[in-house]
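Remarks on the structure that follows.
Numbering (the numbering used here), first residue to last: 7 to 119.
In structure tokens, the structure reads:
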């Protein structure tokens, strides 16, 4: 029972570290993408103030950049899902490669009486 509790504690710590890593990655990527949009609005506003760009051009560019931003955000979510899938696959293959501890007898048949 103590070995099981120790393994559960190790697994818990590893999953916590994985969760923190995924959260850090997704949070940082969201902040970076939002800063790009903020910079676009700032530069576009400056160009509109200097009458070098029309409001329609700025809106067209913002719609295009929002499409790219959504795609990048989806990639961030995909990264988290790939990590979850890889860890689940590793657990499955770990169980598949284990040798059974209960010995199996050859040609043992059950009879109905």
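Backbone N, C-alpha and C fix where the C-beta goes; we use that ideal spot for every residue, glycine too.
Distance, residue j Cα to residue i Cα
i	j	result
residue 8	residue 27	29 Å
residue 87	residue 41	25 Å
residue 55	residue 61	10 Å
residue 82	residue 30	11 Å
residue 95	residue 101	10 Å
residue 14	residue 93	15 Å
residue 33	residue 43	16 Å
residue 127	residue 35	As displayed, the chain neither begins before 7 nor continues past 119, which places residue 127 out of reach and without an answer.
residue 67	residue 37	20 Å
residue 48	residue 85	30 Å
Residue i burial status per 10 Å Cβ neighbour count (16 or more: buried)
i	result
residue 50	buried
Reference residue i, options the options, closest by Cα
i	options	result
residue 78	39, 34, 14, 24	39
residue 46	21, 117, 23, 70	70
Unbroken alpha helix (DSSP H) runs of length 4 or more, entirely within the segment 7–56: which are they?
-> Runs of the alpha helix (DSSP H) inside the segment 7–56: 8–55.
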